[in-house]
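Reviewing the structure listed below.
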Amino acid sequence: FMSKRLTLTASTLRVQPVENKGRIAAALRQNVWPLFASKRLMPPIHARFPLAEAARGHELMEAGTHIGKIILVV
């Protein structure tokens, strides 16, 4: 993010009025999900584990040393 001077801001929908949640969901469907579908936007993946090794994935998550998603492959 630093190299392009971008800022990432997060929020929660829990406190938003219902009408705002609908508008936000529609904007996500229109503007963000297509970026994931086209693979122009991809979440970082730290590790993949077969379902039989879910405990290992959970241990990694609890350690808090990962950056990115921990995927369970089924």
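Numbering (this note's numbering), first residue to last: 167 to 240.
Cβ atoms here follow ideal geometry from the backbone N, Cα and C, with glycine treated the same way.
On a predicted model such as this, the values are computed, not experimentally measured, just so you know.
- Look at R222 here: in three-state DSSP terms it is helix.
- Straight through space, the alpha carbons of V239 and N186 are spaced by roughly 34 Å.
- For V184, the uninterrupted alpha helix (DSSP H) run begins and ends at 184-193, by DSSP.
- Annotation for L238: the continuous beta strand (DSSP E) segment containing it runs 235-239.
- Membership of P216 in the beta strand (DSSP E) is indicated by the continuous run 211-216.
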